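Each step along the sequence shown adds one to the number in the numbering used here, with nothing skipped, and position 93 is 151. Read through the structure below, which is laid out as structure tokens, and then see the notes.
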Amino acid sequence: MSENNFVYVTYIRTTAEKLWEALTDPEFNRQFFLCSYQESDWKVGSSWKLIFPDGRVADSGEILEIDPPKRLVIKWRNEWLPEVKEDGYTRCTFTIEPDGELMKLAVVHEADGPHRLIPNVSKGWPLVLASLKSLLETGKGFDRPPSKS
Numbered sequence: 059m060s061e062n063n064f065v066y067v068t069y070i071r072t073t074a075e076k077l078w079e080a081l082t083d084p085e086f087n088r089q090f091f092l093c094s095y096q097e098s099d100w101k102v103g104s105s106w107k108l109i110f111p112d113g114r115v116a117d118s119g120e121i122l123e124i125d126p127p128k129r130l131v132i133k134w135r136n137e138w139l140p141e142v143k144e145d146g147y148t149r150c151t152f153t154i155e156p157d158g159e160l161m162k163l164a165v166v167h168e169a170d171g172p173h174r175l176i177p178n179v180s181k182g183w184p185l186v187l188a189s190l191k192s193l194l195e196t197g198k199g200f201d202r203p204p205s206k207s
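Written out as structure tokens, the structure is:
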């Protein structure tokens, strides 16, 4: 990780279609995204939101690219921390590739320069993606919010 990007790669025993569904379906999101979920109609140019369990908007943005079940790019801005929001938008790219009986999921969260969201996502994405892997492989994600540490 640097001040302007975070990369995480994991391998999940699932299908590309099931992984795509997990990433884009709000009910599926709630099972692994630490009780949060995404809202979008998943078309280029459409709005995108990550919603906290209490209904507040955590993050917002726009769908920049979508190629089911291979690639998704979201223009992403934090909405609940004023000092992070003022840094503007980042990009989050999800890439799914088959690797034998596994799916390789790469998540790249990046900004054009130093950005205060990157240290936050560097703590959040590993937990969220471990929960996603657990859900798809065992049927149960993590249902706790991330700790403050």
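Backbone N, C-alpha and C define an ideal beta-carbon position, used for all residues, glycine too. Given the structure is predicted, the values throughout are model-derived calculations rather than measurements.
Outcome for residue i when other beta-carbon atoms lying within 10 angstroms are tallied against a minimum of 16
i, result
"residue 117", "buried"
"residue 160", "exposed"
"residue 101", "exposed"
"residue 128", "exposed"
"residue 115", "exposed"
"residue 105", "exposed"
"residue 196", "exposed"
"residue 191", "buried"
"residue 199", "buried"
"residue 103", "exposed"
First through last residue of the alpha helix (DSSP H) which encompasses residue i
i, result
"residue 87", "84 to 90"
"residue 183", "175 to 196"
Run of the beta strand (DSSP E) containing residue i, from where it starts to where it stops
i, result
"residue 63", "63 to 70"
"residue 106", "105 to 109"
Contact belief for residue i with residue j at Cβ below 8 Å, rounded distance in angstroms
i, j, result
"residue 185", "residue 80", "So it is not a contact: roughly 15 Å between Cβ atoms."
"residue 132", "residue 139", "Going by Cβ atoms, the distance from residue 132 to residue 139 rounds to 18 Å, so no, they are not a contact pair."
"residue 92", "residue 163", "About 17 Å separates the two Cβ atoms, so there is no contact after all."
Would you call the segment 163 to 181 in contact with the segment 134 to 153, where contact means no fewer than 3 C-beta pairs closer than 8 Å? yes
Entirely within the segment 121 to 161 and at least 3 residues each: give me those beta strand (DSSP E) ranges in chain order. 129 to 136 and 148 to 157
Check whether the segment 60 to 69 touches the segment 87 to 101, counting contact only when three or more Cβ pairs, one atom from each stretch, lie closer than 8 Å. no
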